[in-house]
Amino acid sequence: MSHSLSAYFKQRLEWLGYEDMECQYSLGHCQGDGVAFYGTVELNEILLKRVLYMGPNSTATSRFKAITEYAKWLALSQFFRIEIQCIDSRYSHSGTMRVCIEVDEDDLEEAIESGSIPWVSTADETVTNLCDELESMIEDDAKQVSRLLETEGYEFADAEGLGYSEESTAYTEQRASFRVTVEIVERHDTDWDELDALIGLDSGDDLGFIHSTLKQIRDGELRVASLRAVLESIDEDGDVLSEIDYAFIGGVTYNPKTRDFGGAEEELASELFSQHKQLFASSEDEELSETSCEGVAA
Numbered sequence: 003m004s005h006s007l008s009a010y011f012k013q014r015l016e017w018l019g020y021e022d023m024e025c026q027y028s029l030g031h032c033q034g035d036g037v038a039f040y041g042t043v044e045l046n047e048i049l050l051k052r053v054l055y056m057g058p059n060s061t062a063t064s065r066f067k068a069i070t071e072y073a074k075w076l077a078l079s080q081f082f083r084i085e086i087q088c089i090d091s092r093y094s095h096s097g098t099m100r101v102c103i104e105v106d107e108d109d110l111e112e113a114i115e116s117g118s119i120p121w122v123s124t125a126d127e128t129v130t131n132l133c134d135e136l137e138s139m140i141e142d143d144a145k146q147v148s149r150l151l152e153t154e155g156y157e158f159a160d161a162e163g164l165g166y167s168e169e170s171t172a173y174t175e176q177r178a179s180f181r182v183t184v185e186i187v188e189r190h191d192t193d194w195d196e197l198d199a200l201i202g203l204d205s206g207d208d209l210g211f212i213h214s215t216l217k218q219i220r221d222g223e224l225r226v227a228s229l230r231a232v233l234e235s236i237d238e239d240g241d242v243l244s245e246i247d248y249a250f251i252g253g254v255t256y257n258p259k260t261r262d263f264g265g266a267e268e269e270l271a272s273e274l275f276s277q278h279k280q281l282f283a284s285s286e287d288e289e290l291s292e293t294s295c296e297g298v299a300a
């Protein structure tokens, strides 16, 4: 699982009214894959307003009903404990989530009978009916949110910028009879560890940064690349004589339109040259020796 994607899902859940949830997921396009979340659900303002929301084209009667329902459930929230539980530990998707409700029945009945909750009357609503209604409302919404997060998760996992980079030359540099070629390394699988090192672990829990970066990757505005630099000896025509050494770096971001790697490709080439200084010294000595011999011969 990815630290970065987990942090993103956690933030999305909080925005939708599900706070302090444990999120589990598998996004490999296999049977049983998906996103699920578990924990205690609070009937907070964000969750209730979103679940009971009526669109701008709804009738006045529908809007009044939504407002009344919102007030009712906000008042009733103190009597219920709502849990989203896992019913299948092998998988993580909307079908593995079950809503369980515990109710302080005595206090609730007393509040209804005393009229302290004016939106609930004993004539048409019983404790059982309220539990059934609440369970259905939360379970339907939780499953919709699960499917929403699954869709968003796959958008990140399948994004071209994360799962695949074309193999091409990013930079070349020549010194004497030696050349370093820096290439973008082809990858076909989503490298979550690399993404975590780049986004999640380096930024701590800066969810705003994580969300922004993931969105750029999903929208194709940012790619994550691995760079491989190869040091080679070459002849006068630039043809390769031998491969001497190579260096590798992962987790490099770049804009695919500008192909700007932020200097990472030049730094990698410079590092490889620095590790083999003796080669250039020897090459320069040979050139000086040849020049001296030519001078003597003349």
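For what it's worth, the working numbering labels the leading residue of the sequence shown as 3, then goes sequentially.
Every residue, glycine too, gets a C-beta built ideally from N, C-alpha and C.
Values in this document were obtained by computation on a predicted structure and should not be read as measured data.
Which listed residue (Leu216, Leu18, Ser228, Tyr27) has its alpha carbon closest to that of Thr98: Tyr27
Contact between the stretch 172-190 and the stretch 231-246 is defined here as three or more beta-carbon pairs at a separation below 8 Å; is this criterion met? yes
Contact under 8 Å by Cβ, Val122 with Ile114: yes
From the DSSP secondary-structure annotation, give me the bridge partner or partners of Ile186. Ser170, Leu229
Using the Cα positions of Tyr55 and Leu150, report the straight-line distance between them to the nearest angstrom. 18 Å
Measure from the C-beta of Ile84 to each C-beta in chain C and report whether the shortest distance is under 8 Å. Absence of chain C from the displayed structure is noted, only one protein chain being present.
Between which two residues does the beta strand (DSSP E) carrying Leu243 extend? 242-256
What's the call for Gln80, buried or exposed, on a 16-neighbour Cβ count within 10 Å? exposed
In angstroms with no decimal places, state the Cα-to-Cα distance between His213 and Glu44. 24 Å
Do you know whose CA, among Lys217, Cys32, Cys133, Asp90, lies nearest Ser6's CA? Lys217
Please go through the same chain and pick out, in chain order, the residues whose beta-carbon is closer than 6 Å to the beta-carbon of Asn46, but skip the five residues on each side of it. Gly19
Spatial neighbours of Leu49 within its chain, please: CB distance less than 6 Å, with the 5 preceding and 5 following residues excluded, ordered by chain position. Gly19
Which residues does DSSP pair with Arg83 in a beta bridge? Glu104
Who does Ser276 pair with in a DSSP beta bridge? In the DSSP output, where bridge partners are listed per residue, Ser276 has none listed.
Closest by CA to Leu273, which one among Tyr248, Cys32, Leu29? Inspection of the sequence shows that residue 273 is occupied by Glu rather than by Leu. Answer by Cα proximity: Tyr248.
So if DSSP puts Phe39 in a beta bridge, which residue, or which two residues, is it bridged to? Cys25
Just to confirm the assignment, what range does the alpha helix (DSSP H) spanning Thr70 have? 62-78
So if DSSP puts Cys88 in a beta bridge, which residue, or which two residues, is it bridged to? Met99
Do Ile119 and Ile103 have their C-beta atoms closer together than 8 Å? no
Distance between Asp160 and Pro258 (C-alpha atoms, nearest Å): 16 Å
Buried or exposed for Thr70, please, with buried defined as at least 16 other CB atoms from any protein chain shown within 10 angstroms of its CB. exposed
Applying the criterion that 16 or more other CB atoms from any shown protein chain within 10 Å of the CB defines a buried residue, is Asp108 buried or exposed? exposed
What would DSSP say about Gln33, mapped onto helix, strand or coil? coil
Distance CB(Thr255)-CB(Arg225) smaller than 8 Å: yes
By how many angstroms is the C-alpha of Ser170 removed from the C-alpha of Ser96? 41 Å
Is it buried or exposed for Gly155, if we count other Cβ within 10 angstroms and need 16 for buried? buried
Determine the contact status of Cys25 and Ser8, defining contact as a CB-CB distance below 8 Å. yes
Out of Arg181, Thr153, Leu78, which one is the CA nearest neighbour of Glu135? Leu78
For Arg181, which beta-bridge partners are listed by DSSP? Gln176, Glu234
Can you tell which of Leu243, Glu238, Ile246, Asp262 has the C-alpha that lies nearest to the C-alpha of Ala227? Asp262
Would you decide whether Asp143 is buried or exposed? Buried here means 16 or more other CB atoms lie within 10 Å of its CB. buried
Pick from Glu21, Thr215, Ile246 that is closest to Tyr40, judged by C-alpha positions: Glu21
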